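For the record, the sequence lines run as chains R and Z.
Just so you know, we're using the numbering used here here: the first sequence kicks off at 116 and counts up by one.
Just so you know, we're using the numbering used here here: the second sequence kicks off at 644 and counts up by one.
Quick reminder that beta carbons are idealized off the backbone N, C-alpha and C, glycines included.
Since this is a predicted model, take the numbers as computed values, not measurements.
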Amino acid sequence: MTETGKGIPEKTEIQEEEEVPRNRTRLSDICADISVSSIMSKEMTVVRETESIENIIELMTKTPYHSYPVLNSDEELIGVIDEDNILELLFFKRSNRHHHTHLMAIKALSEEASTLMVHHPMTISPETSLCEAADLMIKHHIERLCVVRDKKLEGVVSKSDLIRKIYELRRQ
Amino acid sequence: MEALFQIMSILFLARILSEATEKTGLPGITGEMTAGFLFAIAFKPDDIETFTFMGELGAIFLLFTAGYREVHVKDLKAASLNALIPTLFQIFVAFAFGFMLGSIYGFSFIESLFLAVAFSPTSISVVVKTLIDTDYLSSKPGSLMLTSAIFDDIAGLFLLTIVISVATYNHLPSGIELLLIAGKILAFVIIMGVLGWKVFPVLFNYVQKMHAKESLFSFVILIALFSAYLSESFGLHAVIGAFFGGVLLSDLPIAKIEAVQKKVSGIAYGFFTPLFFAFIGLSVEIEVLYTAGTFAILVIVLALTGKLIGGFIGTKLVGYGSKDSLIFGIGMMPRAGVELVVIAIGKELGIISGEVFSSIVMMVFVSIIISPILLEMSIRYKEKGMKVPEQMTT
C-alpha cells in the first residue's frame, strides 16, 4: 500500500549476517567480505519517469541492456522497464485474451515510462555482500539488482558483474 | 476416489472447453462454467463436498490474484476523479434495478440485496478485445471504461463486504448494528493495514533467506489463506480478506518477483479458478430456469440495461456526447467475475434460491456474448452515422 518509491530500500535491504570466523582462502568466504558497491556498475543508462515510450524503444536499440531503472525528478528509483514490458506493449493487440485485463489495457495505452514500468523493483543496499546478491539472483532468477541508498540509485549489479569478479578472484 | 475423479474430470473438461470457447472468440470462463454444467448432467454427482471446498478455494484465489496481480495502488490514485461519477451512476442504477426486481418478486430484504449486489460489478476484460479491434481502447470513452473498471472492482467488493455483514441480521440493520458492522470492517482494515505496512516487509525479508524449498511462494499463498481466515473471523467473507491480502502484497517487491508471480498465477489460473467457474456451472439448475422463465429474462434485461442506462446518464453528466455515452454504457454491461463470487456466497449461506443463482449465471453468459457485439455496433454507429437498432436504446 506504499506509494511507489517510498520505502523500497527498507523493504528489500539485505541485513548483515552475524560475523563468523572466515577462511580467507575459500572463495565463498572471500565473497562474503566483498560488498556489491565495489563491483556494481556506476555508469548506468537510466530512464526518466516522463520519458516517452518511443524514446525508450530507441534507447533499447542502441544499448545492450535488458532492463532500465526509472528515476523521478528527485533522482529516486521508482521502477524498472525491461524488454518484456516493451514487447507486451508492442504486441498487446496480438496477445491472448487472458492478457486483456484492465491493468494490461491501461499499460497498453502508456505514453511514458511511469505508466509502463514495473513499480516494485528488487533493490539491495551497497553493503550487501556478493554472496547475498548471488543467493538472490540464483534463488529468484533475477538478472540485475538495483543498488539503492536512501531511495537514490547508486548502481546496478548484474550476473555478469558477479561472474567477472569471481573470475578475477580465481586467477589471483 | 470419487472426489479425485470429479476434480480430474472437471479440470480436464474445463481446459478443453475453455480452449474451444477461446477459439470461437468467447472468454475461457464460459467454457469452464459449461464444463461444470455438463459434468453435472453426465454424472449427476451426489457427494460434491470436496469439490465444493475446491470451488471455494478457487473463489479465494480468484480474488487474491485480482488484488495481487491486477490492482496497483498508484493506478487507483492516478485514476481520474472524472470517472467516478459515471462509475457511481452505472453501479447505482444496476444495484437499484436488482433490488427493485427482488422486491417486486417478494424476496426477503437480504435476498433482494444479494441480487442487487450481483447486478453491480463489471468485467471490462470481456470487451477489451473489441476495443482493440475497433481502435477504441485509446478513445475517450475507451479510457473512461478502463478507469471506471478500476473503481468498479473496488466498489463491487465493498458492496459484497456490506451485504455479507448485513446478511447475519436478515433484516435492515439498526443504527447500532450498522455501527457494529462498520467497526468490524474498520478493525479488519486497520489490522491488515498494519500487517501490510510493518509486518509483511520484515517477514518477507526473512522468508527470502530461508532454505526450505519454495518458501517465498509458500508464504505468498499463506498470506492469501491467512487474510481469508482473518476476514472470516471478523464476520466478513474469506474472499474479501483474500483480495485485501493480495493488494497488500502487490507493492512488496520481494513478494512480486517474476518467478513467484508465475507460480501464483499457475496455481490460481491453472488449477483453482477453473474449478471455481466449473463449480458455478455445476450448481446451475437448468430445470429451475424453465419454471422461472420470466424472472430469468427480467434478470438478464434489467442487469444489462441497468448498466447501460446508469453508464449513459453518468457519462452525459460529465459532459460526454450521446454516442460516446452510449458506448460507455454498453462497455459496462459485461459480467464475468465478482458477481459469480457473490451468488456462490449467497447460495452457500442459503440466502439466494436456485432460481436467482441460475438466472444470474444465464445473465453472465448472455452479457459475455452480446456485450462485444453491441459495443462494436455502437462504435460503428458513431463512426459511420449508422442508426442504432431499437433494442440498444431500451
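Nearest candidate by alpha-carbon position, reference residue i, set the options
i                      : options                     : result
residue 865 of chain Z : Z:854, Z:892, Z:852, Z:878  : Z:892
residue 208 of chain R : Z:771, Z:702, Z:738         : Z:771
residue 203 of chain R : R:220, R:237, R:284         : R:220
residue 294 of chain R : R:141, R:270, R:191, R:247  : Outside the modelled stretch of chain R, which goes from 116 to 287, sits residue 294 of chain R, for which no answer is possible.
residue 955 of chain Z : Z:857, Z:735, Z:924, Z:978  : Z:735
residue 779 of chain Z : Z:971, Z:984, Z:1005, Z:704 : Z:971
residue 807 of chain Z : Z:789, Z:867, Z:878, Z:817  : Z:878
residue 258 of chain R : Z:827, Z:900, Z:843         : Z:900
residue 945 of chain Z : Z:961, Z:968, Z:1003        : Z:1003
residue 712 of chain Z : Z:863, Z:952, Z:749         : Z:863
residue 987 of chain Z : Z:664, Z:959, Z:977, Z:1001 : Z:1001
residue 160 of chain R : R:271, R:229, R:286         : R:271
residue 684 of chain Z : Z:927, Z:1012, Z:1019       : Z:927
residue 957 of chain Z : Z:677, Z:943, Z:973         : Z:973
residue 981 of chain Z : Z:853, Z:1013, Z:916        : Z:916
residue 728 of chain Z : Z:983, Z:967, Z:1017, Z:961 : Z:961
residue 854 of chain Z : R:283, R:269, R:250         : R:250
residue 804 of chain Z : Z:985, Z:1006, Z:1025       : Z:985
Exposure of residue i, with buried meaning 16 or more beta-carbon neighbours within 10 Å
i                       : result
residue 707 of chain Z  : buried
residue 740 of chain Z  : buried
residue 263 of chain R  : buried
residue 649 of chain Z  : buried
residue 178 of chain R  : exposed
residue 774 of chain Z  : buried
residue 1023 of chain Z : exposed
residue 766 of chain Z  : buried
residue 266 of chain R  : buried
residue 197 of chain R  : buried
residue 170 of chain R  : exposed
residue 206 of chain R  : exposed
residue 747 of chain Z  : exposed
residue 211 of chain R  : exposed
residue 733 of chain Z  : buried
residue 999 of chain Z  : buried
residue 189 of chain R  : exposed
residue 157 of chain R  : exposed
residue 933 of chain Z  : exposed
residue 838 of chain Z  : buried
residue 922 of chain Z  : buried
residue 659 of chain Z  : exposed
Rounded distance between the beta-carbons of residue j and residue i, thought under 8 angstroms
i                      : j                       : result
residue 931 of chain Z : residue 997 of chain Z  : 5 angstroms
residue 860 of chain Z : residue 906 of chain Z  : 5 angstroms
residue 755 of chain Z : residue 742 of chain Z  : 5 angstroms
residue 164 of chain R : residue 229 of chain R  : 4 angstroms
residue 978 of chain Z : residue 1021 of chain Z : Contact flag wrong, Cβ pair sits at about 18 angstroms.
residue 730 of chain Z : residue 791 of chain Z  : 4 angstroms
residue 281 of chain R : residue 142 of chain R  : 7 angstroms
Contact set for residue i: own chain, Cβ-Cβ below 7 angstroms, skip 5 residues either direction
i                      : result
residue 690 of chain Z : 645
residue 753 of chain Z : 809, 810, 813, 994
residue 886 of chain Z : 706, 707, 709, 710, 800
residue 673 of chain Z : 664, 1008, 1011
residue 844 of chain Z : 895
residue 172 of chain R : 201
Own chain, CB closer than 6 angstroms to residue i, minus 5 neighbours either side, in chain order
i                      : result
residue 897 of chain Z : 847, 851
residue 802 of chain Z : 760, 763
residue 920 of chain Z : 672, 675, 676
residue 693 of chain Z : 646
Continuous beta strand (DSSP E) stretch holding residue i: start and end
i                      : result
residue 192 of chain R : 192-197
residue 151 of chain R : No beta strand (DSSP E) holds residue 151 of chain R; DSSP gives it neither H nor E.
residue 980 of chain Z : It is not in any beta strand (DSSP E) - residue 980 of chain Z carries neither H nor E in the DSSP assignment.
residue 262 of chain R : 259-264
residue 841 of chain Z : Per DSSP, residue 841 of chain Z belongs to no beta strand (DSSP E) and is neither H nor E.
residue 184 of chain R : 182-186
residue 267 of chain R : 267-273
Endpoints, the alpha helix (DSSP H) within which residue i is located
i                       : result
residue 658 of chain Z  : 645-666
residue 896 of chain Z  : Where residue 896 of chain Z is concerned, there is no enclosing alpha helix (DSSP H), given that its DSSP letter is neither H nor E.
residue 1062 of chain Z : Nothing can be reported for residue 1062 of chain Z, as the shown portion of chain Z is limited to 644 through 1037.
residue 250 of chain R  : 245-255
residue 1023 of chain Z : 997-1027
residue 175 of chain R  : 168-177
residue 961 of chain Z  : Taken as a continuous stretch (DSSP letters only), residue 961 of chain Z belongs to no alpha helix (DSSP H), as it is neither H nor E.
residue 761 of chain Z  : 752-762
residue 811 of chain Z  : Run containing residue 811 of chain Z: none; DSSP gives neither H nor E here.
residue 691 of chain Z  : It is not in any alpha helix (DSSP H) - residue 691 of chain Z carries neither H nor E in the DSSP assignment.
Contact test: residue i Cβ vs the ligand NAD heavy atom, cutoff 7 angstroms
i                      : result
residue 703 of chain Z : No copy of the ligand NAD occurs in the structure displayed, which carries no ligand at all.
Contacting residues, own chain, Cβ-Cβ under 8 angstroms from residue i (five flanking each side not counted)
i                      : result
residue 195 of chain R : 182, 183, 184, 185, 232, 233, 236, 261
residue 911 of chain Z : 704, 705, 707, 708
residue 200 of chain R : 222, 231, 232, 233
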